[in-house]
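Here numbering that gives the first Met the number 0 is used: position 81 in the sequence shown is 80, and no number is missing along the way.
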Amino acid sequence: MRNKKKKAKRHSRLIPLVKGLYGSRAFRRFAASVLVMTVVIFSLFYLYGEIKQRLSLRSFVVIGNTHLSDEEVVSLMKIKHGVSLLDIDSALLEKQLLRSAWIKKVLIRKELPHTLVVKVKEARPVAILRKKKGLFLVDREGRILERLEQSPSFLPILELKDENPYLYKQVLILAQTVRRFDYFNDREVEIIAHRPEDISLKVDGLLIKVGKGRYREKLEHLVSLKDRIESKKIPIEYIDLRFKKRVIIRPSKRIVQ
Numbered sequence: 000m001r002n003k004k005k006k007a008k009r010h011s012r013l014i015p016l017v018k019g020l021y022g023s024r025a026f027r028r029f030a031a032s033v034l035v036m037t038v039v040i041f042s043l044f045y046l047y048g049e050i051k052q053r054l055s056l057r058s059f060v061v062i063g064n065t066h067l068s069d070e071e072v073v074s075l076m077k078i079k080h081g082v083s084l085l086d087i088d089s090a091l092l093e094k095q096l097l098r099s100a101w102i103k104k105v106l107i108r109k110e111l112p113h114t115l116v117v118k119v120k121e122a123r124p125v126a127i128l129r130k131k132k133g134l135f136l137v138d139r140e141g142r143i144l145e146r147l148e149q150s151p152s153f154l155p156i157l158e159l160k161d162e163n164p165y166l167y168k169q170v171l172i173l174a175q176t177v178r179r180f181d182y183f184n185d186r187e188v189e190i191i192a193h194r195p196e197d198i199s200l201k202v203d204g205l206l207i208k209v210g211k212g213r214y215r216e217k218l219e220h221l222v223s224l225k226d227r228i229e230s231k232k233i234p235i236e237y238i239d240l241r242f243k244k245r246v247i248i249r250p251s252k253r254i255v256q
């Protein structure tokens, strides 16, 4: 009986204390702050969801592509219409595009409210590499861009007897130099290399020994002599440009009827 009285007495003492705590001004302010923050957070989430829906992807603008079509560039990104621009990871899309050998640089920009702008810089083919497996289009760094069924007439064909990185680099430099001269336009050009010092051109079947280095100077010399060579109207076995101060023109031993 006494215990019940003690418990009732304690309970009666706690009631005013609890009422005072919950009825205090500080608690009311705290509760109001929590309520306001909750409303703000839910409002922000709702607003974010509405904005995402209003910024859906509807169109692509592709700039700088000449070999790849707009559709091929978009396909490489593996992204579909309707996704929100806010959910698009530009860095990830750039990595996916750079997996293509044709794309060297890429910049992606979101243009609100519904457009993704993709600016690419494509690799430029400089030659065709002839291998046992077929013909391959290569860029200035020697990277294979794609396999070809037939060779375009405007690009020199490379034929290397040895997979030597230094030799390959020299041949690529010569191929780029050849393309700077109008003289070689509409001609069949092959670059044959066994060793750097034996690098040679075949222009419409005519053998031209070039050797290593000074490619622009050597080809300028060749072009300056073309009228004199053509005016002689004699069959030529080869032209040797390897020497700095002279050009050797060896007549063919074949007898022309």
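Each residue gets a CB set at the ideal place from its N, CA and C atoms; glycine is no exception.
TODO: Tell me the start and end of each unbroken beta strand (DSSP E) in the stretch 178–211 that is at least 3 residues and wholly inside, in chain order.
DONE: For the stretch 178–211, whole beta strand (DSSP E) runs of length 3 or above, ordered along the chain, are 188–192, 199–202 and 205–208.
Open item on the list: With H, G and I counted as helix, E and B as strand and the rest as coil, what does DSSP make of valine 17?
Closed with: Unreliable placement is indicated for valine 17, whose pLDDT of 47 sits below 50; no coordinate value is reported for it.
Task: aspartate 88, DSSP secondary structure in three states - done: Here aspartate 88 sits in coil by DSSP.
Task: Rounded C-alpha distance that separates arginine 146 from isoleucine 40 - done: Approximately 56 Å between the Cα atoms of the pair.
- [ ] Classify lysine 5 as helix, strand or coil using the three-state DSSP reduction.
- [x] With a pLDDT of 49 at lysine 5, under the threshold of 50, the modelled position of that residue is not reliable, and the figure given next carries that caveat. DSSP places lysine 5 in helix when its eight states are reduced to three.
TODO: Go ahead and label isoleucine 247 buried or exposed: buried means 16 or more other beta carbons lie within 10 angstroms of its beta carbon, across all protein chains shown.
DONE: Flag for isoleucine 247 reads exposed.
Task: With 16 other Cβ atoms within 10 Å as the buried cut-off, status of threonine 176 - done: Threonine 176 comes out buried.
Task: Cβ shell of valine 222 (< 8 Å), same chain only, five flanking positions each side left out - done: Excluding sequence neighbours, valine 222 sits near Phe180 and Tyr182.
- [ ] Apply the 10 Å Cβ neighbour rule to lysine 5 and answer buried if 16 or more other Cβ atoms are within range, or exposed otherwise.
- [x] Only weak support is given to the placement of lysine 5: the predicted model assigns it a pLDDT of 49, under 50, and the question is left unresolved by the model.
TODO: Pick out whichever of Gly81, Leu136, Lys130 and Ile238 has its Cα sitting closest to the Cα of proline 124.
DONE: Nearest to proline 124 by C-alpha distance, out of Gly81, Leu136, Lys130 and Ile238, is Leu136.
- [ ] Kindly indicate which three-state DSSP category isoleucine 233 falls into: helix, strand or coil?
- [x] DSSP, reduced to helix, strand and coil, places isoleucine 233 outside both helices and strands of the structure shown, so it counts as coil.
TODO: Excluding the 5 residues preceding and the 5 following leucine 75 in the sequence, name in chain order all residues of the same chain whose CB lies nearer than 7 Å to its CB.
DONE: The residues are Gln95, Leu96 and Ser99.
Task: Test item: CB-CB of leucine 54 and leucine 85 under 9 Å - done: Taking 9 Å as the Cβ cut-off, leucine 54 and leucine 85 qualify as a contacting pair.
Open item on the list: Would asparagine 154 and alanine 192 qualify as a contact pair, given that the criterion is a beta-carbon distance under 9 Å?
Closed with: The sequence given here places leucine at residue 154; asparagine does not occur at that position. Judged by their CB atoms, leucine 154 and alanine 192 are not nearer to each other than the 9 Å cut-off.
Open item on the list: One question on the structure: do arginine 129 and glutamate 158 come within less than 9 Å of each other, judged by their Cβ atoms?
Closed with: Against a cut-off of 9 Å, the Cβ pair of glutamate 158 and arginine 129 comes out as a contact.
Task: Simplified DSSP assignment, three categories, for isoleucine 102 - done: Under the three-state reduction of DSSP output, isoleucine 102 falls in the strand class.
Task: For valine 72, the first and last residue of its enclosing alpha helix (DSSP H) - done: Taken as a continuous stretch (DSSP letters only), the alpha helix (DSSP H) holding valine 72 covers 69–76.
Task: Same chain, Cβ closer than 8 Å to arginine 142, five either side skipped, listed in chain order - done: Here the set comprises Ala100 and Ala122.
- [ ] May I ask you to report which of helix, strand or coil DSSP gives threonine 258?
- [x] Because the chain is modelled from 0 through 256, residue 258 falls outside the range shown and cannot be assessed.
TODO: Give the C-beta separation of valine 209 and leucine 173 to the nearest angstrom, bearing in mind that I take them to be a contact with Cβ-Cβ under 8 Å.
DONE: Rounded, the Cβ-Cβ distance is 7 Å, consistent with contact.
Open item on the list: Taking the beta carbon of serine 199 as the centre, do at least 16 other beta carbons fall within 10 Å, making it buried, or is it exposed?
Closed with: Under this definition serine 199 is a buried residue.
Task: DSSP three-state assignment for glutamate 93, whether helix, strand or coil - done: Here glutamate 93 sits in helix by DSSP.
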